[in-house]
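Visitor:
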Amino acid sequence: MQPLRHSIALAALAFCAGAQAQISDDVVKIGILTDMAGPYSGMGGAGSVVAARMAIDDCLKAECKGMKIEVVSADHQNKADIAATKAREWLDRDKVDALADLTNSAGALAVQKLIKEKGGIAMYSGPATTRLTEDDCAENGFHWMFDTYSSAAGAAVALTKAGDKSWYFITVDYAFGHSLEKDASDMVKANGGTVVGSVRHPLNASDFSSFILQAQNSKAQVIGLANGAQDTVNAIKAAREFGVTGAKGQKVAALLMFLTDVHSLGLRQAQGLMFSEGFYWDMDDKTRAFSTRFEKLHKGFKPTMVQAGVYSSVLHYLRSVAAAKTDDWKVVAQKMRELPIDDPVMRNASIRPDGRVIHDMYLFQVKTPAESKGAWDYYKTVSTIPAKAAFKPLADSTCPLVKK
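The sequence shown runs -21 to -1, 1 to 383 under mature numbering (1 follows the signal peptide of the UniProt record, and there is no 0).
#1: By Cβ distance, which residues of its chain are closer than 8 Å to residue 165, with the 5 residues on each side in sequence left out?
#2: Please name the residue or residues paired with residue 201 in a DSSP beta bridge.
#3: Per DSSP, what kind of secondary structure is residue 75 in: helix, strand or coil?
#4: Three or more C-beta pairs under 8 Å: does that hold for the region 186 to 197 against the region 232 to 242?
#5: Would you check if there are 3 or more beta carbon pairs closer than 8 Å linking the region 98 to 105 to the region 114 to 125?
#6: Evaluate residue 220 with the Cβ neighbour count: other Cβ atoms within 10 Å of its Cβ, from every protein chain shown; 16 or more gives buried, anything less gives exposed.
#7: If residue 327 and residue 366 are in contact, beta carbons under 8 Å, what's the gap, nearest whole angstrom?
#8: Counting C-beta neighbours from all protein chains within 10 Å, is the total for residue 18 16 or more, i.e. buried, or is it exposed?
#9: First and last residue of the beta strand (DSSP E) that includes residue 49?
#10: Taking Cβ positions, are residue 82 and residue 26 nearer each other than 8 Å?
#11: Roughly how many angstroms separate the alpha carbons of residue 306 and residue 117, rounded to a whole number?
#12: Could you check how far apart the C-beta atoms of residue 347 and residue 246 are, in whole angstroms? I think they sit under 8 Å.
#13: With DSSP as the reference, label residue 8 as helix, strand or coil.
#14: Our contact map puts residue 266 next to residue 323 with C-beta atoms below 8 Å; I'd like the distance itself, whole angstroms only.
#15: Quick one: which unbroken alpha helix (DSSP H) runs of 4-plus residues sit fully inside the region 285 to 370? Chain order, please.
#16: Identify the continuous beta strand (DSSP E) that holds residue 272 and give its terminal residues.
#17: Quick one: Cα of residue 228 to Cα of residue 200, how far?
#18: Going by DSSP, what residues sit across from residue 121 in a beta bridge?
#19: So does the region 131 to 149 actually touch the region 308 to 319, counting three or more Cβ pairs closer than 8 Å?
#20: From residue 29 to residue 68, what distance separates their C-alpha atoms?
#21: Which residue marks the beginning of the alpha helix (DSSP H) containing residue 254, and which one marks its end?
#22: Using the DSSP secondary-structure output, state which residues sit across from residue 13 in a beta bridge.
#23: Identify whether residue 185 lies in helix, strand or coil by the three-state DSSP scheme.
#24: Is it right to say residue 107 is buried, meaning 16 or more other beta carbons lie within 10 angstroms of its own, or is it exposed?
#25: Any contact between the region 338 to 345 and the region 363 to 379? By contact I mean 3 or more CB pairs, one from each, below 8 Å.
Printed below as a string of structure tokens:
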């Protein structure tokens, strides 16, 4: 099956001659590489394309007025080889200037390797592995919204400090899950806790019964879910069915949750879960206005933090192209680090030398059905995790671009 393709072209009638000469092929082309039909399609997928289009619309009304911008999109099917093949095709044949979303850590790492060779810009709002800003960092790769460190910095720290000291992990068996388990384990131990064991499952697993039973038998106080999207939803459903939170008194900690996961579970099953995110639609007037626009364009769904990250990254990239008056990736990458990130999505945001975009993160708890006042009213804020505390300290970075 060929990857899905969606493309749009938005152009103004004229573009000043001096700047136009610096834009290759007279067009800025952005590729959204994501999961269109698999377990991560709800948090990214078609919604990420919508978010990119919103960013283009907003930039064309301001800094990008007069520019010609095109968007293409494809389904990587959560396979690293397909992600790399499509990205190579876009860069070599289709002259794509920048790639965004890139949900799935294995696929993102394959693309990161490719852009080191081919050039171009990659903006990761969907994958979580910290390797993108550690050993595998690139001057033209930017990790936008969250990673496994920032995810673990929420529930893992909060629960361990509150007295839930023993943990058992159910982990999806690829780069993302391994990274999330490691970061969460490190934080549990740093706060006086212990990890009594773990079990790994394949991506998009349909039956979690054996994994839940192993976690129950571990007698751990907390069962940490080091997975995401549909896998997390299925694991939580199985935990409820097996009465994990009943007589044995174990807690389930979903280390990475998305708004669409809570929507799929429903508040009755999701209530009480704690996790960290970088965006929630109902935070303030700016996020509500942005999310209302998105909802009208995406079948009544509010945006996830991945989709919000696509909007923010594409908007910042386009503003940087406009400011640099070129789409030459080396110039634009430098400009992206220089310009402030200012949009309806991010708070206290900046780009570090390792390509990590730091910004405030938030520890949320899912409301009870009685607490919710209506559709999509799912979260209550437990605390704000300041930008400098939410992500791995730059001093501890293994990225070759970071000067010690």
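All residues carry an ideal CB built from backbone N, CA and C; glycine is no exception.
Guide: In brief:
#1: As a working mapping, residue 165 is identified with position 186 in the sequence shown. So the qualifying residues of the chain are 131.
#2: As a working mapping, residue 201 is identified with position 222 in the sequence shown. 146, 230, per the DSSP bridge assignment.
#3: Along the sequence shown, read from residue 1 onward, the residue named residue 75 stands at position 96. Coil.
#4: no
#5: yes
#6: Start at 1 with the first residue of the sequence shown, and residue 220 comes out as number 241. Residue 220 should be labelled exposed.
#7: As a first step, residue 327 is located in the sequence shown; it is residue number 348 there, counting from the start. As a first step, residue 366 is located in the sequence shown; it is residue number 387 there, counting from the start. The Cβ separation is near 5 Å, so the contact holds.
#8: Counted from its first residue, the sequence shown places residue 18 at position 39. Buried: at least 16 other Cβ atoms inside 10 Å.
#9: On the sequence shown, position 70 is the one that residue 49 refers to. Here the beta strand (DSSP E) through residue 49 covers 47 to 54.
#10: Along the sequence shown, one-based indexing puts residue 82 at 103. Along the sequence shown, one-based indexing puts residue 26 at 47. No; because the gap between Cβ atoms is not below 8 Å, this pair is not in contact.
#11: Here residue 306 is taken as the residue at index 327 of the sequence shown, counted from 1. Here residue 117 is taken as the residue at index 138 of the sequence shown, counted from 1. Approximately 18 Å between the Cα atoms of the pair.
#12: Residue numbering aside, residue 347 sits at position 368 when the sequence shown is read from its first letter. Residue numbering aside, residue 246 sits at position 267 when the sequence shown is read from its first letter. That pair is a contact at about 7 Å.
#13: Taking the sequence shown and counting its residues from 1, one reaches residue 8 at position 29. Residue state, collapsed to three classes: strand.
#14: Counting from 1 along the sequence shown, the entry for residue 266 is found at position 287. Counting from 1 along the sequence shown, the entry for residue 323 is found at position 344. Correct: roughly 6 Å between the Cβ atoms.
#15: 308 to 317, 366 to 369
#16: Translated into the one-based positions of the sequence shown, residue 272 becomes position 293. Run containing residue 272: none in the beta strand (DSSP E); it sits in the alpha helix (DSSP H), 264 to 276.
#17: Residue 228 sits at position 249 when you count from the first residue of the sequence shown. Residue 200 sits at position 221 when you count from the first residue of the sequence shown. If you take the alpha carbons of residue 228 and residue 200, they lie about 7 Å apart.
#18: The residue given as residue 121 occupies position 142 in the sequence shown. Bridge partners of residue 121: 102.
#19: no
#20: On the sequence shown, residue 29 is found 50 positions in, with the first residue counted as 1. On the sequence shown, residue 68 is found 89 positions in, with the first residue counted as 1. Going from the Cα of residue 29 to the Cα of residue 68 covers about 23 Å.
#21: Residue mapping note: residue 254 aligns to position 275 of the sequence shown, counting from 1. No alpha helix (DSSP H) holds residue 254; the beta strand (DSSP E) holding it covers 253 to 256.
#22: To locate residue 13, count along the sequence shown from 1; it is residue 34. Residue 13 is bridged to 54.
#23: Locating residue 185 in the sequence shown gives position 206, where the first residue counts as 1. It is coil, neither helix nor strand.
#24: Stepping through the sequence shown from its first residue, residue 107 is reached at position 128. Burial call: buried.
#25: yes
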